[in-house]
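Please read the structure below before turning to the comments.
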Amino acid sequence: MAKDGKAREKGAGRKPARPARHKKQILMIVESPAKGKTIEKYLGRGYTVAASMGHLIDLPKSRLAIDVGNTFEPEYITVRGKAKILKDLRQRAKKADAILLASDNDREGEAISFHLKNALSNGGTAPDIQRITFNEITPKAIREAVSQPGQIDMSKVNAQKARRVLDRIVGYSLSPLLWKKVKNGLSAGRVQSVALRLICEREAEIEAFLPEEYWSLEAELRTGRHTFRAALAALRGEKPALTNEPQTLEVVNALKDAAFVVADVRIAEKLSRPRPPFTTSTLQQTAANRFGFTARKTMQIAQSLYEGVNVGSERLGLITYMRTDSTRIAESALAEVREFIGKEFPGDLPEAPVTYATGKGAQDAHEAIRPTYVTRTPAELKKSLTSEEFRLYSIIWERFVSSQMNPSKASTTTVDIQAGDYTFRASSTRVVEKGFQNALTLLASKEQTRALPPLATGDRLELVKFHPEQHFTSGPPRYTDATIVKVLEEKGIGRPSTYAPIISVLLDRYYVVRKSRQLIPTILGKLINDLLTRSFPELLDPNFTAGMEEKLDQVEEGKSDWQTMIRDFYGPFQSKVSAVQETLESVKGVMDEKTDVTCDVCGRPMVKKLGRYGFFLACTGFPECKNTKPVPLAPCPRPGCNGEIVARKRKRGRGREFYGCTNYPACDFVTYFKPTDSKCPKCGWFLVEKEDRQRGSYKSCINPSCDYLHTKEADDQSA
Ligand SMILES: [Zn+2]
Ligand SMILES: [Zn+2]
Ligand SMILES: [Zn+2]
5 MAKDGKAREK GAGRKPARPA RHKKQILMIV ESPAKGKTIE KYLGRGYTVA ASMGHLIDLP
65 KSRLAIDVGN TFEPEYITVR GKAKILKDLR QRAKKADAIL LASDNDREGE AISFHLKNAL
125 SNGGTAPDIQ RITFNEITPK AIREAVSQPG QIDMSKVNAQ KARRVLDRIV GYSLSPLLWK
185 KVKNGLSAGR VQSVALRLIC EREAEIEAFL PEEYWSLEAE LRTGRHTFRA ALAALRGEKP
245 ALTNEPQTLE VVNALKDAAF VVADVRIAEK LSRPRPPFTT STLQQTAANR FGFTARKTMQ
305 IAQSLYEGVN VGSERLGLIT YMRTDSTRIA ESALAEVREF IGKEFPGDLP EAPVTYATGK
365 GAQDAHEAIR PTYVTRTPAE LKKSLTSEEF RLYSIIWERF VSSQMNPSKA STTTVDIQAG
425 DYTFRASSTR VVEKGFQNAL TLLASKEQTR ALPPLATGDR LELVKFHPEQ HFTSGPPRYT
485 DATIVKVLEE KGIGRPSTYA PIISVLLDRY YVVRKSRQLI PTILGKLIND LLTRSFPELL
545 DPNFTAGMEE KLDQVEEGKS DWQTMIRDFY GPFQSKVSAV QETLESVKGV MDEKTDVTCD
605 VCGRPMVKKL GRYGFFLACT GFPECKNTKP VPLAPCPRPG CNGEIVARKR KRGRGREFYG
665 CTNYPACDFV TYFKPTDSKC PKCGWFLVEK EDRQRGSYKS CINPSCDYLH TKEADDQSA
């Protein structure tokens, strides 16, 4: 029998199995039970389906397990806790006449199939083992896949191996360095460190940003019974820059008795094209923006839609594979959606199918994420789906259907109104032809402008009143799941399978926290980023990481050799690690930074230490004196008080953090808003960090009688 197995290994693997003594038994192996359950329903008798539960074979956790400097071959073991599953699969394999490996159609899936093939061939009792792939789980797609099984794609397996080895080498080199130089138990990864760098750089920009004041001026005007508002747009053709209240009131005064006359009315029509169907990255961005889903949550929901849900008495895989960077659409799906549009939105069907450019490097074996049955509308499926599944399915369906429809047409009317030397401008937009927007419900644009009354050049308007308003410029926004995924894709860092895990790892390690959807680096995260970017500028360079991703793609396409790629990386990287080991001063010292604060218990000096929630002061007399206290954040702004503002926690109840004066109870200054390092440009008191829905997070003056960025809703929360 061993001979038999060997022979087949070499053969084309396409030969029909030996004449059946009994009904031929075929075992199909997928990676998840949910997927198995769906496929099982589509297969006839003679098939059974088993689940491998993800990877069964991988690198051990406890050691490097890579033949570094030589072959770079990894030393694989059975994943802890998976031995029983493997044993069970082996037994089922023995009873089968043929095995079809049906793990997901990407690098990870190919590697799972490769390891399964090796594990199940052991002992020489191997039946015929072949690989099948498909992009959707429908009876048609499964039948097609089963009818043309093939061999494992070793280029994909090698690309997965190369990534695993590369990440392992980087992780196992950087982590001990962090233990030695920063703190025990830390770890750092290759791609996550670059994402952390982007998040930290953005935070530094935000910290350095000071909002600037500016004013807008609108005139409320009347013609007949209608009133409308026009905004100040120009002073003698130049854009006026109003930076404070007196300047703005000067304009108001100058125009009190001016005549407001319509100088120009322009109408422009504009076509808006539909957006392409979703890829992993655009799906994650849209679900984050529309529903506040994290990237990870979007992937979990998409996976269940892909693997199959129960719809009435049927079980259906409702969308195509969710890890993809392609916007390609299969011919058959295109024909179906055009037929559907022709019936449901007959006026909005273009003559020819709409084509979309696919991003460079996209793997075109894949397809865009689209519904597998376009005739199953979200409304029809609503009762079979959870509310989250419904929302995700809806936007996938809407985006796909609309992508093959006509553009929409809007007409914008712009009116210029002259008052003395000043020009005011009003505009309104109206949709003339809805086109693809007819297919949008959850994705429908909410933008609406108020219609303008009928106006003609030369019309005189009556001034009702002026509306001057104070504003502040806003700084760069913090990254969210949506925007970090966008920038990672733009920079070529990560791939559809890695965007969500990159964010999760940073959160799990407490290098970044997520607050009101924003990704904020912790002090620990900033410290590690600082150390890594200083020590490994090349490794942490987004361009370098993008280059590595491209090299992995080349391995996947069979255009380059994985070992050569790793070898080229390993040499220079290893000498850099050794050099850093020698020269880098320990950051542990930074965390024990001396201060001029003396211990109020024993009088010895205190040092700054890093705890899980940030810095605190500890007595140098430790362990004799265990006194600790919060780090002063800013001087107390109360006139005559020389105390400092520190973080405090309520003793009773749920401990919301607040900030109070060290001279309490003599000084009872408190605020719920965290002091920043910045001083108010208007009055010199310190600025605090505030947040509201409209603006996100921003800086605001703590001085109640100063108007530097005060907003009503935020102030109501102050203590
Ligand atoms: Zn002390
Ligand atoms: Zn005070
Ligand atoms: Zn101020």
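Note that my numbering gives residue 245 to position 241 of the sequence shown, counting from 1, and the numbers run on in steps of one.
Virtual Cβ for every residue (Gly too), placed ideally from N, Cα, C.
Asked                                                                                                                           : Found
Asn293 versus Arg521, Phe626, Tyr676 and Val72, residue with shortest Cα-Cα distance                                            : Arg521
Any non-hydrogen atom of ligand 5 closer than 7 angstroms to Val611 Cβ                                                          : Summarising the ligand content, the structure contains ligand 1, ligand 2 and ligand 3 and does not contain ligand 5.
Those runs of the alpha helix (DSSP H) which lie wholly inside the segment 172-241 and span at least 4 residues                 : 194-212
Nearest candidate by alpha-carbon position, reference Trp219, set Lys612, Pro639, Ser177 and Pro472                             : Pro472
Other residues of its chain near Ser501: CB distance less than 6 angstroms, five sequence neighbours each side excluded         : Arg327
C-alpha gap between Arg513 and Arg168, whole angstroms                                                                          : 20 angstroms
Neighbourhood of Arg464 by C-beta distance below 6 angstroms, restricted to the same chain and skipping five residues each side : Val265
With 16 other Cβ atoms within 10 Å as the buried cut-off, status of Val468                                                      : exposed
Sequence-distant residues of the same chain with beta carbon closer than 6 angstroms to Glu114, five excluded per side          : Asp157, Lys160 and Val161
Buried versus exposed call for Trp183 [16 or more other C-beta atoms within 10 Å across all chains shown]                       : exposed
Backbone secondary structure at Arg434 - three-state DSSP                                                                       : strand
Near ligand 1: Cys645 beta-carbon under 7 angstroms from a heavy atom                                                           : no
Whole-Å CB distance - Arg270 paired with Thr418, under 8 angstroms assumed                                                      : 5 angstroms
For Ser412 and Pro280, believed in contact at Cβ under 8 angstroms, the rounded distance                                        : Between Ser412 and Pro280 the Cβ distance is about 16 angstroms, and since that is not below 8 angstroms, they are no contact.
Exposure of Cys603, with buried meaning 16 or more beta-carbon neighbours within 10 Å                                           : buried
Pairwise C-alpha distance: Cys204 and Lys86                                                                                     : 38 angstroms
One or two residues paired with Met32 in a DSSP bridge                                                                          : Val53 and Leu104
Three-way DSSP call (helix, strand, coil) for Pro281 in this model                                                              : coil
Other residues of its chain near Asp544: CB distance less than 7 angstroms, five sequence neighbours each side excluded         : A small fix is needed here, since residue 544 is Leu in this sequence, not Asp. Within the same chain, Leu544 has close Cβ partners Ser197, Val198, Arg201, Leu536 and Thr537.
For Phe662, the residue or residues it bridges with in DSSP                                                                     : Arg652
Pocket of ligand 3 defined by Cβ to heavy atom distance under 6 angstroms                                                       : Cys684, Lys686, Cys687, Trp689, Cys705, Asn707, Cys710 and Tyr712
For Glu695, the first and last residue of its enclosing beta strand (DSSP E)                                                    : Phe690 to Asp696
Arg642: CB within 7 angstroms of a non-hydrogen atom of ligand 2                                                                : yes
Unbroken alpha helix (DSSP H) run spanning Asn547, endpoints                                                                    : Pro546 to Glu560
Three-pair Cβ contact test at 8 angstroms for the segment 440-449 versus the segment 387-406                                    : yes
Cβ pair count under 8 angstroms reaching 3, the segment 337-351 against the segment 375-393                                     : yes
Range of the contiguous alpha helix (DSSP H) that encloses Asp132                                                               : Note, Asp132: premise wrong, no alpha helix (DSSP H); beta strand (DSSP E) at Asp132 to Arg135.
Proximity test, Val635 beta-carbon vs ligand 1 heavy atom, cut-off 7 angstroms                                                  : no
Contact test: Phe677 Cβ vs ligand 2 heavy atom, cutoff 7 angstroms                                                              : no
CB of Thr252 within 8 angstroms of CB of Leu221, strictly                                                                       : yes
Which residues DSSP lists as bridging Lys612, in chain order                                                                    : Leu621
Chain-ordered residues, beta carbon under 6 angstroms from a heavy atom of ligand 1                                             : Cys603, Val605, Cys606, Arg608, Cys623, Gly625, Cys629 and Asn631
Secondary structure of Gln474, DSSP reduced to three states                                                                     : strand
Span of the beta strand (DSSP E), counted from its first residue to its last, around Thr680                                     : Lys678 to Lys683
Burial state of Lys598 (16 or more Cβ within 10 Å)                                                                              : exposed
Contacting residues, own chain, Cβ-Cβ under 6 angstroms from Val53 (five flanking each side not counted)                        : Met32, Gly40, Ile43 and Glu44
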